[in-house]
Amino acid sequence: MSNGIALETRGVNKRFGGVVAANDVNLRVESGELRCIIGPNGAGKSTLFALLCGIQRADSGQIFIHEHDVTRMQQFKRVRLGVGLTFQTNRAYQELSVKQNLAIPNPGLSHTSERHELAKERLEIALNGFDLDPQDETIAGELPHHKLQWLEISMVLAGYPDLVLIDEPTAGMSRDETDRTADILKELNANGLTIIVVEHDIHFVKSVAQKVTVLHQGKIFMEGNVADVTADEEVKKIYLGHAH
Ligand SMILES: Nc1ncnc2c1ncn2[C@@H]1O[C@H](COP(=O)(O)OP(=O)(O)OP(=O)(O)O)[C@@H](O)[C@H]1O
Ligand SMILES: [Mg+2]
């Protein structure tokens, strides 16, 4: 299946003082993929997401979204190209209700009606799958932890993206909640959503991944199918060296 490249980086570099957070990153994700990015603490996973969506600027290299060069494009314009991001730490508005949080995002303006319908379907899949009611007046801050994470994923989908970057969605979740998250992401992907997910939970990675990219010290260390990557001795070593 190839519907073109959803996202591509060419030789992307980013330093924070002496720390090399992205080191010549060449990443290519096709439309329709569900890609997992793994790597130890400080490997540069969140930095890569920040670069992709425009929160951080690359020091050098290029970034393409649906073949548009977005390297110097502002964040809100990337959103219009269909990119949605969830953060590693909760960003839902704790003092607002579930209903208000789901009403905040601004659906992409450049959508064709066909893309719009698909995106609406995906939001429905998430709301149903995560047991979230868009009319719910419960204050987000009162939701259990996992429900807040699910609300965040749903908020991103309420912006009608066709590419989402999800940073550690299952952190702090029980096994059942993690499995449910994996199932819904798979269903969204089957519905055409391109998903790039950073995750440490190997059980989760094994259950969702088609292809896995391992980051280490800002560099792509290995890329391949989930069985090969998780069996790789060098990958095991870098993980053991940085227990999460
Ligand atoms: N805004 C920043 N200013 C300075 N240093 C930063 C900044 N953001 C990230 N770093 C550094 O860049 C490196 C990569 O950090 P990043 O958060 O991308 O790692 P990560 O792979 O997401 O780690 P984790 O698994 O802990 O979330 C780390 O050494 C981090 O301290
Ligand atoms: Mg991170």
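In this note's numbering, the protein residues as written are 2 to 245. All C-beta atoms in this analysis are idealised placements derived from N, C-alpha and C, irrespective of residue type, glycine included. Just so it is clear, the structure is predicted and the values come from calculations on it, not from any experiment.
Is V20 buried or exposed, if buried means 16 or more other CB atoms sit within 10 Å of its CB? Only exposed fits V20, as fewer than 16 other CB atoms lie within 10 angstroms of its CB.
Candidates K15, Q101 and S32: closest to N24 by CA position: The closest CA to that of N24, considering only K15, Q101 and S32, is found on K15.
Which residues in the same chain as V71 place their Cβ atom closer than 6 Å to its Cβ, once the five residues preceding and following it in sequence are excluded? Closer than 6 Å at Cβ, skipping near neighbours: I64 and R79.
One or two residues paired with F65 in a DSSP bridge: Answer is E9 and D70.
My output table needs one value for R176: the three-state DSSP class, helix, strand or coil. Here R176 sits in helix by DSSP.
With hydrogens ignored, establish whether the beta-carbon of E200 is closer than 8 Å to any heavy atom of ligand 2. At a threshold of 8 Å, E200 does not count as near ligand 2, since its beta carbon sits no closer than that to any of the ligand's heavy atoms.
Counted within 10 angstroms of its Cβ, other Cβ atoms place N190 as buried (16 or more) or exposed: Counting Cβ neighbours within 10 Å, N190 comes out buried, since at least 16 surround it.
Contact the segment 93 to 107 vs the segment 136 to 155: 3+ CB pairs below 8 Å: With the cut-off at 8 Å, the segment 93 to 107 and the segment 136 to 155 touch.
Contact set for F222: own chain, Cβ-Cβ below 8 Å, skip 5 residues either direction: For F222, the CB contacts under 8 Å within the same chain, skipping 5 residues up- and downstream, are G40, V215, L216, E235, V236 and I239 in chain order.
When you compare only the Cα positions, how much space is there between L248 and R123? This structure cannot speak to residue 248, because the chain is shown only from 2 to 245.
Burial state of G12, where buried means 16 or more other Cβ atoms lie within 10 Å: By the neighbour-count rule (16 or more Cβ atoms within 10 Å), G12 is not buried but exposed.
For ligand 1, is there a heavy atom less than 8 Å away from the beta-carbon of L49? Yes, the beta carbon of L49 sits closer than 8 Å to at least one heavy atom of ligand 1.
Looking at E224 and ligand 1, is the gap between the Cβ and the nearest heavy atom below 8 Å? Look at E224: its beta carbon is at least 8 Å from all of the heavy atoms in ligand 1.
Less than 8 Å between the CB of K46 and some heavy atom of ligand 1, yes or no? Flag set: Cβ of K46 near ligand 1.
Three-way DSSP call (helix, strand, coil) for H217 in this model: Residue state, collapsed to three classes: strand.
Taking 7 Å as the limit between beta carbons, can you name the residues of its chain near R58, skipping five residues before and five after? No residues qualify anywhere along the chain.
G225 by DSSP, collapsed to three states: which one? If DSSP states are grouped into helix, strand and coil, G225 belongs with the strands.
Considering only the alpha carbon of each residue, which of A51, R29 and E68 lies closest to A22? The shortest Cα separation from A22 among A51, R29 and E68 belongs to A51.
Straight-line CA distance for R176 to L166? Distance from the CA atom of R176 to the CA atom of L166, rounded to whole angstroms, is 22 Å.
For a test of your reading of the model: does the CB of F17 fall under 8 Å from any non-hydrogen atom of ligand 1? Yes or no. Under cutoff, so the answer is yes.
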